[in-house]
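Peer 1: In terms of the numbering used here, the sequence shown opens at residue 345 and continues consecutively.
Glycine included, each C-beta is placed from N, C-alpha and C at the ideal position.
Quick one: the structure is below, and I'll ask about it shortly.
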Amino acid sequence: MIIVDELPFAHVEGEGFRDFCKAVQPEFIPPSRVTVTRDCYSLFIDERVKLKDFFGKLTSRVCLTTDTWTSGQNLSYMCLTAHFIDDSWVLHKRIINFVQIAGHSGEIIGRTIEQCLVECNLKRILTCTVDNASANDVAVQYLKRRVNFWKGSVLDGNYMHMRCVAHILNLVVKYGFKDLHTSILKIRAAVRFVRSFPARAKCFKDSVKEVISAFYIEFYML
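What follows is the structure in structure tokens.
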């Protein structure tokens, strides 16, 4: 439940949860958050060993996707996902790493990916999809050299670097918004004005109701 619903470990110590457990089964004693943390970590270690053994027997090549970001606490994180097709031609996806990194430089990202691949026993890499950033160019070039050294690439890794289409589309839209910057600011200010008070929101909802025989309603809306 903790993992599936992405609940904090301290959830088991909450008054509501303990009252619920007591009502369902009075003899059940909920574990502490320390116990839940230990059990979840043990489960993680067991599943990681299984995943490493699975990748060691995998005959197909693996495509990687990675993303990095900075949290509100100014901490940098990286997530690495493996995509592959099994012997039955079924597509699979596995998150193989979610780790805090020292920064967003290409060398740091590349070395972090390399370390994860070594830990997961992954050497047969087909592609690596990343955001369209210069740091990722450096990271993929570093990864390409390492995979070539492992003799796990295709065509010397010349087609390993894949650029994320969604990120490119996002950049295109942002660039197009520059021409509409003034209009967007006005619309945003209008939305904030309407949503700042419930009375304004109600008045706005009443104004946008279209009445064919009363053109002045649309006039007031505008």
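Let me know if Arg539 comes out buried or exposed under the rule of 16 or more other beta-carbons within 10 Å of its beta-carbon.
Peer 2: Arg539 should be labelled exposed.
Peer 1: Using the C-alpha atoms, what's the distance from Asp411 back to Asp475?
Peer 2: Near 7 Å, if we compare the C-alpha coordinates of Asp411 and Asp475.
Peer 1: Quick one: give me the first and last residue of the alpha helix (DSSP H) that Ser404 is part of.
Peer 2: Counting along the chain, Ser404 falls outside any alpha helix (DSSP H), and DSSP gives it neither H nor E.
Peer 1: Report the three-state DSSP secondary structure of Tyr654 (helix, strand or coil).
Peer 2: This structure cannot speak to residue 654, because the chain is shown only from 345 to 566.
Peer 1: Using the C-alpha atoms, what's the distance from Ala533 back to Met422?
Peer 2: Distance between the alpha carbons of Met422 and Ala533 is about 35 Å.
Peer 1: Give me the Cβ distance between Ile453 and Asn480, rounded to the nearest whole Å; I'm assuming they're in contact under 8 Å.
Peer 2: Right, their Cβ atoms sit about 7 Å apart.
Peer 1: Smallest Cα separation from Asp397: which of Gln417, His355, Val462 and Gln369?
Peer 2: With distances taken between Cα atoms, Asp397 lies closest to Val462.
Peer 1: Please classify Ile531: does DSSP put it in a helix, a strand, or coil?
Peer 2: Three-state DSSP puts Ile531 in a helix.
Peer 1: With DSSP run on the structure shown, which of helix, strand or coil describes Arg438?
Peer 2: Arg438: strand per DSSP, three-state reduction.
Peer 1: In the DSSP assignment, find the beta strand (DSSP E) that holds Leu487 and state where it starts and stops.
Peer 2: Segment Ser478 to Phe493 is the alpha helix (DSSP H) holding Leu487; no beta strand (DSSP E) there.
Peer 1: If we count the other Cβ atoms within 10 Å of its Cβ and call it buried at 16 or more, is Ser364 buried or exposed?
Peer 2: A small fix is needed here, since residue 364 is Phe in this sequence, not Ser. With fewer than 16 other Cβ atoms within 10 Å, it is exposed.
Peer 1: Report the option in Val434, Ser449 and Phe399 whose CA atom is closest to the CA atom of Ile440.
Peer 2: Checked all of Val434, Ser449 and Phe399; the closest Cα to Ile440 is Phe399.
Peer 1: Among all the DSSP beta bridges, which residues are the ones paired with Arg507?
Peer 2: Looking at the DSSP assignment, Arg507 forms a beta bridge with Val474.
Peer 1: Just verifying my parser: in three-state terms, what is the DSSP assignment at His448?
Peer 2: It is coil, neither helix nor strand.
Peer 1: Where does Ile347 sit, in a helix, a strand or coil, going by DSSP?
Peer 2: If DSSP states are grouped into helix, strand and coil, Ile347 belongs with coil.
Peer 1: Using alpha carbons as the reference points, say which of Ile347, Leu515 and Ala543 lies closest to Phe388.
Peer 2: Selected option, being the one with the closest Cα: Ile347.
Peer 1: On the DSSP letters alone, give me the boundaries of the alpha helix (DSSP H) that Arg585 sits inside.
Peer 2: Lying before the first or after the last residue shown, residue 585 is absent from the chain, which here runs from 345 to 566.
Peer 1: So, under 8 Å CB-CB, Arg377 and Phe353 are touching, yes? Tell me the CB distance rounded to an integer number of Å.
Peer 2: Indeed, because the Cβ distance is near 4 Å, the residues count as touching under 8 Å.
Peer 1: How is Phe428 classed by DSSP in three states: helix, strand or coil?
Peer 2: DSSP places Phe428 in strand when its eight states are reduced to three.
Peer 1: Can you give me the C-alpha to C-alpha distance between Gly442 and Lys546, rounded to a whole angstrom?
Peer 2: Gly is not the amino acid found at residue 442; the sequence shown has Phe there. Spanning the two alpha carbons is a distance of roughly 45 Å.
Peer 1: If you compare alpha carbons, which of Val356, Cys407 and Tyr486 is closest to Thr456?
Peer 2: Selected option, being the one with the closest Cα: Tyr486.
Peer 1: Near Thr381, what residues of its chain come up, given a Cβ to Cβ distance below 8 Å and the 5 sequence neighbours on each side ignored?
Peer 2: Contacts found: Phe353.
Peer 1: Nearest to Thr425 by CA position, among Leu395, His448, Ile373 and Asn492, is which residue?
Peer 2: Checking every option, the nearest Cα to that of Thr425 belongs to Leu395.
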